[in-house]
Amino acid sequence: MNPLRKHFDPDTSLPIELVLRSTKNLQSELPDHLHDWYEIIYVHSGAGTFFINHTFYEMQAGDLYLIPGNTIHRTLPHSDEPITSSAMFFSGQYVQTTAIGKDAYSFLRCFDMAKTGRNYRIELLPAERNRIESIIDEMNKELLLRQPGYSQAVLLLLQTVLLHTNRKMNPGEPKQQLGGSRPGWLQSALNYIDAHLVESLSLSALAARAAVSPSYFSRMFKQMTGLNVTEYIIAKRIMHAKELLGDTDYTVAEIASQCGFESLPHFYRMFKKVAGSTPAHYKRVDDRTR
Numbered sequence: 100m101n102p103l104r105k106h107f108d109p110d111t112s113l114p115i116e117l118v119l120r121s122t123k124n125l126q127s128e129l130p131d132h133l134h135d136w137y138e139i140i141y142v143h144s145g146a147g148t149f150f151i152n153h154t155f156y157e158m159q160a161g162d163l164y165l166i167p168g169n170t171i172h173r174t175l176p177h178s179d180e181p182i183t184s185s186a187m188f189f190s191g192q193y194v195q196t197t198a199i200g201k202d203a204y205s206f207l208r209c210f211d212m213a214k215t216g217r218n219y220r221i222e223l224l225p226a227e228r229n230r231i232e233s234i235i236d237e238m239n240k241e242l243l244l245r246q247p248g249y250s251q252a253v254l255l256l257l258q259t260v261l262l263h264t265n266r267k268m269n270p271g272e273p274k275q276q277l278g279g280s281r282p283g284w285l286q287s288a289l290n291y292i293d294a295h296l297v298e299s300l301s302l303s304a305l306a307a308r309a310a311v312s313p314s315y316f317s318r319m320f321k322q323m324t325g326l327n328v329t330e331y332i333i334a335k336r337i338m339h340a341k342e343l344l345g346d347t348d349y350t351v352a353e354i355a356s357q358c359g360f361e362s363l364p365h366f367y368r369m370f371k372k373v374a375g376s377t378p379a380h381y382k383r384v385d386d387r388t389r
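Below, the structure written as structure tokens:
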């Protein structure tokens, strides 16, 4: 399995990357990827399916998607309506929680709410669409001209986007849509994998739960998620391991066991393939950036 991560330079003085009005079709779309930076995607036009974590969304113009770091995601544009979108990638340390007086404010709260509520999509009203498009254009202008104070200007523009997004967030029911060509058993299988990562998860057992043949299960799973079943399960387990490495004091061996790996050497090999570093190195880097 090749690494799924998208690479960013962690040492850059301006830890943000803007991809402006990129058009994707079925031929140009990249496979699934995950990365430690946060990502905001705004859809200008087109239609398609967006797979985030283990939820499918029908994309349309005016949608805003919040993708926390360490989250598998993939765009599947419709063949007759290519997706045109803008994306902002940035380090969480770049927009740290700020405090004025006694009030602390987290610009990243919207991502926490999206992850907790498993709802990564926000539908913007016309006035909100105009505002976000204007801010994206202004951010791009600052990055191109690089006038004195441009890095501060880019940060302020990004914080403005996050401020409005936090105010817009509604922790209500996820707006996942299971229409189209996606079988209902696929969503159930994704939910089951997410809830049973520590257990043995074989293709044959998952196919039996879905009441379909293993070959059909495998074909549809790869078609809709971009990964085969084994790759997906390993990626999800490594994502969980990264969270435990950053948030707990468990040993590497304990984390490997809690994430469903039967042997420590196998855990080390898979972690290096997916995350690009050893568990110990990842934990050291995470500790330095917190």
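The working numbering puts the sequence shown at residues 100 to 389. We treat Cβ as the ideally placed atom computed from N, Cα and C, and that holds for glycine.
Check whether the segment 146-155 and the segment 166-183 are in contact - that is, three or more C-beta pairs closer than 8 Å.
Enough Cβ pairs lie closer than 8 Å, so yes.
Take L163 and list the residues in its own chain whose beta-carbon comes closer than 6 Å to its own, dropping the five residues that flank it on each side.
Taking the sequence shown and counting its residues from 1, one reaches residue 163 at position 64. Y141, I221, L223, listed in sequence order.
Please confirm if the segment 341-353 is in contact with the segment 361-381, defined as three or more CB-CB distances below 8 Å between the two stretches.
Yes: at least three Cβ pairs fall under 8 Å.
So R318 is in the alpha helix (DSSP H); what residue range does that whole segment cover?
Numbered from its first residue, the sequence shown carries residue 318 at position 219. Here the alpha helix (DSSP H) through R318 covers 313-324.
Using DSSP bridges, identify the partner residues of S142.
Looking up residue 142 in the sequence shown gives position 43. Here the sequence assigns Val to residue 142, which means Ser is not the residue at that position. Paired residues: S184.
Locate the beta strand (DSSP E) running through R173, then write down its first and last residues.
Translated into positions along the sequence shown, residue 173 becomes position 74. Segment 172-176, the beta strand (DSSP E) holding R173.
With I234 and L256 assumed to form a contact (beta carbons below 8 Å), what rounded beta-carbon distance in angstroms separates them?
Residue numbering aside, residue 234 sits at position 135 when the sequence shown is read from its first letter. Residue numbering aside, residue 256 sits at position 157 when the sequence shown is read from its first letter. The pair is a contact, with the Cβ atoms about 5 Å apart (cut-off 8 Å).
According to DSSP, simplified to helix, strand and coil, what is V297?
Locating residue 297 in the sequence shown gives position 198, counting from the first residue. Correct three-state label for V297: coil.
Going by DSSP, what residue range makes up the beta strand (DSSP E) through M158?
Taking the first residue of the sequence shown as position 1, residue 158 is located at position 59. M158 -> beta strand (DSSP E) spans 154-158.
The alpha helix (DSSP H) with T215 in it runs from where to where?
For the purposes of this step, residue 215 is taken as residue 116 along the sequence shown, with counting starting at 1. Unbroken alpha helix (DSSP H) run through T215: 208-216.
Looking only at its own chain, which residues have a Cβ that is under 6 Å from the Cβ of H153, when we skip the five neighbours before and after it?
Locating residue 153 in the sequence shown gives position 54, counting from the first residue. Closer than 6 Å at the Cβ level, and outside the excluded window around H153, lie L289, D293.
Say whether the segment 301-311 touches the segment 356-370, bearing in mind that this needs 3 or more beta-carbon pairs closer than 8 Å, one atom from each stretch.
No: fewer than three Cβ pairs fall under 8 Å.
Where does S376 fall in DSSP's three states?
Numbered from its first residue, the sequence shown carries residue 376 at position 277. Correct three-state label for S376: coil.
Where does H143 land, buried or exposed, given buried means 16+ other C-beta within 10 angstroms?
Along the sequence shown, read from residue 1 onward, the residue named residue 143 stands at position 44. The residue in question, H143, is buried, as its Cβ has 16 or more Cβ neighbours within 10 Å.
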